[in-house]
Structure formats: structure tokens, C-alpha cells
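Numbering (our numbering), first residue to last: 369 to 526.
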Amino acid sequence: MTEWSDYLADEAATVAAGERLGRVLEQCPQGLSLHLEGDLGAGKTTFTRGVLQSFGHSGAVKSPTYTLVEEYALPSRTLHHFDLYRLGDPEELEYMGIRDYFTGGDICLLEWPTRGAGILPPPDLTVSLQVQEPGRLVKLEAGTDRGERLVQQLAQPQ
Ligand SMILES: Nc1ncnc2c1ncn2[C@@H]1O[C@H](COP(=O)(O)OP(=O)(O)OP(=O)(O)O)[C@@H](O)[C@H]1O
Ligand SMILES: [Mg+2]
369 MTEWSDYLAD EAATVAAGER LGRVLEQCPQ GLSLHLEGDL GAGKTTFTRG
419 VLQSFGHSGA VKSPTYTLVE EYALPSRTLH HFDLYRLGDP EELEYMGIRD
469 YFTGGDICLL EWPTRGAGIL PPPDLTVSLQ VQEPGRLVKL EAGTDRGERL
519 VQQLAQPQ
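Structural data, given as C-alpha cells:
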């Protein structure tokens, strides 16, 4: 499977990397699930802000720590940003009708996906962020054929 990685020197670079991925996601009309992995403060929400910006969102992106999910109904697409950090039991996802999020053409971005292990469908893409002072290292790995095409597109020179 193809991988793509980059060094992100500052916060703006993390936003720009999210925007770059967002432009590729726009080309894919099907539903997509993206897992965002990395320690507390690694940059997952910052990266999500870049993805949302590429779809036209201009406001802040608040981590839905207590509500677990925030919906962004943007002109071309609806995106759902999950933060499962405080999820007690993966079963809780069943009560919130988790399956419905993944059946249409929406894009789901999930922070702390390991909290939902066993219930969440396998991701098309896993975005890993790692603190590497003074910046961050971002790595993208495909989990499905759909994700594989996205990583290949992303790896093409811009
Ligand atoms: N490339 C970067 N270089 C330096 N700092 C960065 C970079 N990207 C993001 N940051 C900073 O890291 C901090 C944490 O970012 P963020 O909230 O996105 O992390 P997170 O992974 O979502 O954390 P959490 O697990 O708590 O939700 C922010 O202050 C942000 O500005
Ligand atoms: Mg976060």
C-alpha cells in the first residue's frame, strides 16, 4: 500500500496539509472514513481544520469532546468530525446510530478511533501525526482501494 509523509514545521503547515488532502477528497464522490491518530496535542484537530477549510468552512473547529461528533454541512459535502477520547464503551456508538454515518456519501474524520475498536468500520485512510520538535510528522496510509487511490493522487507533484 502506498504511503505519503511530510514534515510540518508549524501549525500553518498542518492546516495546509489538511487542505491539500481536502482537495483530493473533493475529487472522490463516495463516502469516506478517515482515522486521525496521534498523542494528545499531536495536531489532529488542526489537520481537520485544514480539511474543513478546503470544503469552504471558515470558522473555528472545536473538538467535540463531550458531544462526540460535530456536523459540518458545507456546500459540496457534509463532513462529520468525531472525537472519541471520552467514549466510555465502544457500544455507546451503537446507540448514536454510528452505522448511518458511514453508509452515504459523507466524509467522517475520527480522532481517537481506537476508542471505538470493534464497532467502527475499517478506515479508507489513516492519518498519523507525531510530535517531532519543533513541528510534526504526518503520515498517510491507505486502508482500502478507495484510500489507495487518494494517497496516490496526493503523492503526485502539485
Ligand atoms: N506542525 C506543527 N508544529 C507545531 N505545532 C503544531 C503543529 N501542528 C499543530 N500544532 C499545535 O499543536 C497543538 C495541539 O493541536 P491539536 O489541538 O490539533 O492536537 P490534537 O491532536 O487534536 O489533540 P487532542 O488529542 O487533545 O485532541 C496546537 O497548539 C497546535 O497549534
Ligand atoms: Mg483534537
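Just so it is clear, CB atoms sit at the ideal spot from N, CA and C, and this is done for glycine as well.
- Using the Cα positions of P502 and A381, report the straight-line distance between them to the nearest angstrom. 12 Å
- Item | Residues sharing a beta bridge with R445, DSSP | L442
- What is the chain-ordered set of residues for which the beta carbon lies under 7 Å from any non-hydrogen atom of ligand 2? K412, T413, S431, D451 and E479
- Message: According to DSSP, is Y375 part of a helix, a strand, or is it coil?
- Response: strand
- Which of helix, strand or coil does DSSP assign to G503? strand
- Task: Please go through the same chain and pick out, in chain order, the residues whose beta-carbon is closer than 8 Å to the beta-carbon of L442, but skip the five residues on each side of it.
- Result: L420, F423, G424 and H425
- Check whether the Cβ atoms of V506 and V499 sit closer than 8 Å, and answer yes or no. no
- Start-to-end residues for the beta strand (DSSP E) that takes in L478: I475 to E479
- Using only alpha-carbon positions, find the residue among D474, A410, G465 and I487 that is nearest to Y375. A410
- Neighbourhood of R417 by C-beta, 7 Å cutoff - its chain only, sequence neighbours within 5 removed: V383, G386 and V429
- Task: Verify the contact flag: Y440, CB atom, against every heavy atom of ligand 1, threshold strictly below 7 Å.
- Result: no
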